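Novice: Which chain is which? The protein sequence lines are A and B, in order.
Note that this note's numbering has the first sequence beginning at 1, numbered continuously upward.
Note that this note's numbering has the second sequence beginning at 413, numbered continuously upward.
Ideal Cβ placement from N, Cα and C applies to all residues, glycine included.
Everything numeric in this text was worked out from a predicted model, so none of it was measured.
This is the structure, below, for whatever I ask next.
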Amino acid sequence: MNPNHDHFPEGESYRQSLSGRYRTASIWQSLFFSALVIAILSLAALLYNIMDGAFGYVAFEYKNDPAQFSTKPLDDLNKQELLAILKANLSSGAYKKLDNEKPMEKRSKADLYTLTLERLIQIDIKQTWSMTDSILHSAEIKIEVAGKYPEAKLEFRSWLTPVFLTTPMSSKAEFAGVRTAILGSLWMVGIAILFALPIGTGAAIYLQEYASKNLINRVIQTNINNLAGVPSIVYGMLGLAIFVRAFEPFTSGSMFGVTDSNGRTILSAGLTMGTLVLPLIIINAQEAIKAVPDSLRQAAFGVGATRWQTVWHHVLPNALPGILTGSILAVSRAIGETAPLIVVGASTFISIDPDGPFSKFTALPIQIYQWTTRAQSEFHSIAASAIIVLLILLLTLNASAVLLRNRVQRKY
Amino acid sequence: MKRENTIKENINFRPLDLKKKMRPGESIIQTLLFISGVLSIFITVAIVYELGKEALLFFNNPDVTLAKFLGTTRWQPGIGLFGIWPLVTSTLITSTIAMFVSLPLGLAAALFLSEYASPKARSVLKPILEILAGIPTVVYGYFALLFMTPLLQKIFGEGVEVYNMGSAGIVMGIMILPLISSMSEDALSAVPRALREGAYAMGATKFETSLQVVLPAALSGIGAALIIGISRAVGETMIVAIAAGAGPNFTFNPFQAAETMTGHIARISGGDLSYNTIDYTSLFAIALMLFLVTLILNLVSQVIINKFRQRYE
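The structure is reproduced here in structure tokens:
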């Protein structure tokens, strides 16, 4: 329908135009719907792409024949035999170093098995295939491998294994894990929340319960809304200038007698991330406090409670589920953020568990970034596995936020 | 009479004190709460001060002149090349591509959700958009490099480089889509029902109503969504750092590699950067530009939203 018509069609011509108008309407409706279909397809493609990378055939060769270490197949050896092999074939320096990291006697059988593979037999990955290729072109791949790498073994491998979760970093993709990255992420998020939750809730209480409508409070409110839209990398630069550089004596721990570090620590990262999620926490807490009905406050004032007594005994307990939901969402934002951590100086190779706020750190998204930007495809496979770990972590967090919201939500 | 007397005798009235009582605990708490509120202002001040201080060091460097900064097209502060344009153009190109993907798709999705979808369909479709919005950007980077780029190479052939602005831009568009659609949907559902009923009464079809009545009425809210989307695209880091290329490149070809402002900051600061070098201060100059651009965009969009709200409330 053209709005510039001088006359609206009438009678027969109106009826004739009607079917055309309906046709246009239904075409556009399906166009609108197709936008959602594209969104769903993108999501499906993304998830498929990740699964495709995390599983598939891998062709590898043993650099050293397992037979030269043991007459029995490796899988049948028990812990003591593995230990003996390691002791006999590793140089005494290398063995001592491993023993210092964790006493060899106390290591599990799986751990010793991995060590034997990693240090003695040494795997050389020749080529990897995606899940789709592995399933659809299985026969061709087998022929190709037999032709190109006659020595190689072909194995369908899930790169995401329980071992992947519990082993630290390694420079070889097949032995690398995300243990240090997960621990680093947890430390960082813990510090961020310890820093941001009390301050954020305090700010929200001030703005909702105490602030009058004067200029300074309006400025605070506008400022918080704007901070929520500042690009995360700018927070990274702020963290680099303030937490890493200006506060170095504090964040490196040299104030507390820690000597072997600079400002690029978990503490700096956690504080930077806390600054980043602070506006989010404030805004969510404000919404939660706003939802507490005024009648509760008036009843409290009516029986003579002071403002803080009202807030502490009546407003906060009722707003708590909302505040917690908001902070879970903030946690999931912090776990996925990468850019500020790069700027603040996440280390790329950490094979020792972080042992406190002053240790160097790596985090799950940092590992994903590192591995994705490597050229070899086996690193893409472990990047995909790490993404699955990250997404499952986020899904759990968000699901618990939704559950919490639905469960404790009160209707007034 | 007698009863009243006993009540008066039994209740021991305290003399009413109308003066405000001093409660030191209360005022301490109130001060602490005020400090937490004001801290957010300190964060903004700290951002402006720290970025400004280092950026000033950069621009005060005798080698850096305005003519070089804006008049040349190569950026390599380490060897005295200070032309900012390659970083700016690639940021503009990736953001433009992202907006060309996310605005039509997001708007169409919002129109469908607010005007056509049944409550049941909404309850299925909206969470899917929310999942898209919750995926970390580093995952989108993986997707851009290992899915979108091979796809573009299949479609457009050899001319597509392994790292290119096109795939980063498209994937960024997918990332921003949920933001545009949810903000536009809010704007569309804020249009009063009476306007729609009026259009139906005049014999308009649902499509004519939504396109010629509801959409114009929600235009300012959609404008705000567009502006927020641009600000998000300009500040987005991980997708471009992974997929758009490493190294400033002055080009307008979306199939070539070129580093954006954010990607440049991420790459340079990723190494062990020593303080007080020209590389270090130049990053702060770029970050200050980013901060100012996004701040202005966010402020404009907030002003638009506030105006829009007043009109219908």
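Of all the residues that make up the stretch 631-643 of chain B, which are near chain A by a beta-carbon distance shorter than 9 Å?
Specialist: Taking 9 Å as the Cβ-Cβ cut-off against chain A, the residues of the stretch 631-643 of chain B that qualify are ILE640, SER643.
Novice: Expressed to the nearest angstrom, what Euclidean distance is found between the alpha-carbon atoms of A:PRO263 and A:SER351?
Specialist: Translated into positions along the first sequence, residue 263 of chain A becomes position 263. Translated into positions along the first sequence, residue 351 of chain A becomes position 351. At residue 263 of chain A the sequence reads Gly, which differs from the Pro that was named. Approximately 19 Å between the Cα atoms of the pair.
Novice: Quick one: which chain E residues come within Cβ less than 8 Å of B:GLN714?
Specialist: No chain E appears in this structure, whose protein chains are A and B.
Novice: Which full runs of the alpha helix (DSSP H) of 4+ residues lie inside the stretch 497-557 of chain B, going along the chain?
Specialist: List check, alpha helix (DSSP H) in window: 497-523, 531-546, 549-555.
Novice: Using DSSP with H/G/I as helix, E/B as strand and the rest coil, what is A:GLN16?
Specialist: Residue 16 of chain A sits at position 16 when you count from the first residue of the first sequence. Correct three-state label for A:GLN16: helix.
Novice: So, do the stretch 106-121 of chain A and the stretch 132-142 of chain A have three or more beta carbon pairs nearer to each other than 8 Å?
Specialist: Not touching, per the Cβ criterion.
Novice: Give me the Cα-Cα distance between A:ILE27 and A:GLY20, rounded to the nearest whole angstrom.
Specialist: Taking the first residue of the first sequence as 1, we reach residue 27 of chain A at position 27. Taking the first residue of the first sequence as 1, we reach residue 20 of chain A at position 20. Looking at the two C-alpha atoms, the distance is approximately 11 Å.
Novice: Using DSSP bridges, identify the partner residues of A:SER91.
Specialist: Position 91 of the first sequence, counting from 1, holds the residue named residue 91 of chain A. Its beta-bridge partners do not exist; DSSP assigns none.
Novice: Quick one: what's got a C-beta closer than 7 Å to A:ILE50's C-beta in the same chain, skipping five residues either side?
Specialist: Walking along the first sequence from the start, residue 50 of chain A turns up at place 50. These residues qualify, in order along the chain: ALA384, ILE387, ILE388.
Novice: List the residues of chain A that B:ILE543 touches, going by C-beta distances under 9 Å, in chain order.
Specialist: Locating residue 543 of chain B in the second sequence gives position 131, counting from the first residue. Per Cβ cutoff of 9 Å: LEU43, LEU395, ASN398.
Novice: Can you check whether the CB of A:GLY257 is closer than 8 Å to the CB of A:ILE191?
Specialist: Taking the first sequence and counting its residues from 1, the one referred to as residue 191 of chain A is at position 191. Taking the first sequence and counting its residues from 1, the one referred to as residue 257 of chain A is at position 257. In this structure, A:GLY257 does not lie closer than 8 Å to A:ILE191 by Cβ.
Novice: Roughly how many angstroms lie between the CA atoms of A:MET1 and B:GLU620, to the nearest whole one?
Specialist: As a working mapping, residue 1 of chain A is identified with position 1 in the first sequence. As a working mapping, residue 620 of chain B is identified with position 208 in the second sequence. Because A:MET1 sits at a pLDDT of 47, beneath the cut-off of 50, its placement in the model cannot be relied upon, and the following sentence gives the value as read from the coordinates. So the alpha carbons of these two residues sit roughly 7 Å apart.
Novice: Could you work out which residue in A:PHE60, A:PRO66, A:GLY274 is closest to A:MET188 when comparing CA atoms only?
Specialist: Translated into positions along the first sequence, residue 188 of chain A becomes position 188. Selected option, being the one with the closest Cα: A:GLY274.
Novice: Going along the stretch 244-261 of chain A in order, which residues come within less than 9 Å of chain B, judged by CB to CB distance?
Specialist: So the list reads ARG245, ALA246, given in the order they occur along the chain.
Novice: Chain B partners of A:PRO279, CB-CB under 8 Å?
Specialist: Start at 1 with the first residue of the first sequence, and residue 279 of chain A comes out as number 279. Within chain B, the residues near A:PRO279 are SER452.
Novice: Assuming A:THR128 is part of the beta strand (DSSP E), what are its boundary residues?
Specialist: Translated into positions along the first sequence, residue 128 of chain A becomes position 128. Counting along the chain, the beta strand (DSSP E) containing A:THR128 begins and ends at 123-128.
Novice: Under 7 Å between beta-carbons, which chain A residues line up against B:THR706? List them in chain order, please.
Specialist: The count along the second sequence starts at 1 and reaches residue 706 of chain B at position 294. Here the neighbours are GLY229, VAL230, PRO231.
Novice: How would you call A:ILE143, buried or exposed, if buried means at least 16 neighbouring beta carbons within 10 angstroms?
Specialist: Your numbering for residue 143 of chain A matches position 143 in the first sequence. Answer is exposed; the Cβ neighbour count stays below 16.
Novice: At 4 residues or longer, and completely inside the stretch 634-668 of chain B: list those alpha helix (DSSP H) runs for me, N to C.
Specialist: Correct list: 650-655.
Novice: Counting Cβ pairs closer than 8 Å, one from the stretch 494-514 of chain B and one from the stretch 659-679 of chain B, do we hit at least three?
Specialist: With the cut-off at 8 Å, the stretch 494-514 of chain B and the stretch 659-679 of chain B touch.
Novice: Under three-state DSSP, which class holds B:ARG435?
Specialist: Residue 435 of chain B sits at position 23 when you count from the first residue of the second sequence. If DSSP states are grouped into helix, strand and coil, B:ARG435 belongs with coil.
Novice: What does a CB cutoff of less than 7 Å around B:PHE703 pick up in its chain, not counting 5 residues either side in sequence?
Specialist: For this step, residue 703 of chain B is matched to residue 291 along the second sequence. Excluding residues within five positions, the ones whose Cβ falls inside 7 Å are ILE459, LEU463.
Novice: In this structure, how does DSSP classify A:TRP159 when only helix, strand and coil are distinguished?
Specialist: Counting from one through the first sequence, the residue named residue 159 of chain A turns up at place 159. If DSSP states are grouped into helix, strand and coil, A:TRP159 belongs with coil.
Novice: For A:THR161, collect the residues of the same chain with a Cβ closer than 6 Å to its Cβ; drop the 5 residues on either side in sequence, then sort them by chain order.
Specialist: Here residue 161 of chain A refers to the residue found at position 161 when the first sequence is read from its first residue. Answer for A:THR161: no residue qualifies.
Novice: In the DSSP assignment, the alpha helix (DSSP H) including A:GLY202 goes from what residue to what residue?
Specialist: In the first sequence, the residue the question calls residue 202 of chain A occupies position 202. Here the alpha helix (DSSP H) through A:GLY202 covers 179-205.
Novice: Going by the CB atoms, is the gap between B:SER681 and A:LEU165 shorter than 8 Å?
Specialist: In the first sequence, the residue the question calls residue 165 of chain A occupies position 165. In the second sequence, the residue the question calls residue 681 of chain B occupies position 269. Not closer than 8 Å, so no.
Novice: Give the C-beta separation of B:ILE509 and B:GLY569 to the nearest angstrom, bearing in mind that I take them to be a contact with Cβ-Cβ under 8 Å.
Specialist: Reading the second sequence from its first residue, position 97 is the one you call residue 509 of chain B. Reading the second sequence from its first residue, position 157 is the one you call residue 569 of chain B. Contact flag wrong, Cβ pair sits at about 19 Å.
Novice: Closest to B:ALA611 by C-alpha separation, out of B:MET595, B:LEU623, B:ASP684, B:LEU638, would be which residue?
Specialist: Your numbering for residue 611 of chain B matches position 199 in the second sequence. Closest option to B:ALA611, Cα to Cα, is B:LEU623.
Novice: Please work out which residues of its chain come closer than 7 Å, Cβ to Cβ, to B:VAL603, disregarding the five sequence neighbours upstream and downstream, and give them in chain order.
Specialist: Residue numbering aside, residue 603 of chain B sits at position 191 when the second sequence is read from its first letter. So the qualifying residues of the chain are VAL626, ALA629, ALA630.
Novice: Name the residues in the stretch 26-54 of chain A whose C-beta lies less than 9 Å from a C-beta of chain B; which are they?
Specialist: Taking 9 Å as the Cβ-Cβ cut-off against chain B, the residues of the stretch 26-54 of chain A that qualify are SER26, ILE27, TRP28, GLN29, LEU31, PHE32, PHE33, SER34, ALA35, LEU36, ILE38, ALA39, ILE40, SER42, LEU43, ALA45, LEU46, TYR48, ASN49, ILE50, ASP52, GLY53.
Novice: Pick out whichever of A:LEU278, A:THR116, A:ALA285, A:ASN318 has its Cα sitting closest to the Cα of B:ILE453.
Specialist: As a position in the second sequence, residue 453 of chain B is number 41, starting the count at 1. Of A:LEU278, A:THR116, A:ALA285, A:ASN318, the residue nearest in Cα terms is A:LEU278.
Novice: If you measure beta-carbon to beta-carbon, which residues of the stretch 582-603 of chain B are closer than 7 Å to chain A?
Specialist: Listed by position, the residues of the stretch 582-603 of chain B near chain A (Cβ gap below 7 Å) are ILE586, LEU589.
Novice: Please name the residue, chosen from A:GLY177, A:LYS153, A:ILE242, A:LEU86, that lies closest to A:TRP159 on a Cα-to-Cα basis.
Specialist: Stepping through the first sequence from its first residue, residue 159 of chain A is reached at position 159. Measuring from the Cα of A:TRP159, the nearest candidate turns out to be A:GLY177.
Novice: Tell me whether A:LEU154 sits in a helix, a strand or coil according to DSSP, three-state version.
Specialist: Position 154 of the first sequence holds residue 154 of chain A. Looking at A:LEU154 - three-state DSSP - the assignment turns out to be strand.
Novice: Determine whether the beta carbon atoms of B:VAL550 and A:THR180 lie at a separation below 8 Å.
Specialist: Numbered from 1 along the second sequence, position 138 holds the residue referred to as residue 550 of chain B. Numbered from 1 along the first sequence, position 180 holds the residue referred to as residue 180 of chain A. No, the pair does not count as a contact, with Cβ atoms beyond the cut-off.
Novice: Assuming B:MET560 contacts A:TYR369 (C-beta within less than 8 Å), just tell me the rounded distance between them.
Specialist: To locate residue 560 of chain B, count along the second sequence from 1; it is residue 148. To locate residue 369 of chain A, count along the first sequence from 1; it is residue 369. With 8 Å as the limit, B:MET560 and A:TYR369 do not qualify as a contact, their Cβ atoms being about 17 Å apart.
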